[in-house]
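*Asks:* At position 65 of the sequence shown the residue is numbered 83 (the working numbering), and the sequence of numbers has no breaks.
A virtual CB, placed ideally from N, CA and C, is assigned to each residue, including glycine.
Got a structure for you, written out below as structure tokens; questions coming shortly.
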Amino acid sequence: MSESNLPVLRSAYTAILLFCCLAGPAGAHEVEVHRSISHNAVDILDLGLLNRYRAEIGQGAVDEDTFPQYCYHAYNPHNGRGFDLPCPGVADWANIIASNARDAIPILWAQSISAYNAGNLGGP
């Protein structure tokens with residue numbers, strides 16, 4: 019490499035370094051980012067059925083980022099695992115859900131039927 023290129027390389031490296039140091043934090047894992055991504059997907063597809071449930075689809079993306087869903091949100095096929103987080107195992111979590119569901123099923127069923135009868139297809 020000739021010495022005539024050194025000032026150009028120094029300037030480029032300085033610009034990259036400044037950009038990295040001054041750039042704001044990335045928000046890829048912020049909850050509202052996933053809502054926005056879901057809304058953008060609905061808007062791009064522009065299908066009547068999806069447009070009707072745009073808010074629910076966005077809320078589903080937010081719900082997916084709450085405990086415990088985020089524990090099982092990702093899967094790496096190279097190592098057969100998801101995130102390395104201190105989360106209950108799948109079998110443990112299934113038992114937690116099942117024990118809570120037995121108490122909640124009659125309430126949720128009644129709320130769902132009531133919402134359906136009222137014409138609220140979005141749920142209780």
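Got a sec, what are the start and stop residues for the alpha helix (DSSP H) Arg72 sits in?
*Replies:* Here the alpha helix (DSSP H) through Arg72 covers 72–82.
*Asks:* Measure the alpha-carbon distance for Pro95 versus Cys89 and round it to whole angstroms.
*Replies:* Approximately 16 angstroms between the Cα atoms of the pair.
*Asks:* If you compare alpha carbons, which of Arg99, Leu126, Gln87, Leu68 is closest to Ala112?
*Replies:* Closest option to Ala112, Cα to Cα, is Gln87.
*Asks:* With DSSP as the reference, label Asn94 as helix, strand or coil.
*Replies:* Looking at Asn94 - three-state DSSP - the assignment turns out to be strand.
*Asks:* Between Val60 and Arg72, how many whole angstroms is the CB-CB distance? I'm expecting something under 8 angstroms.
*Replies:* 5 angstroms between Cβ atoms; contact.
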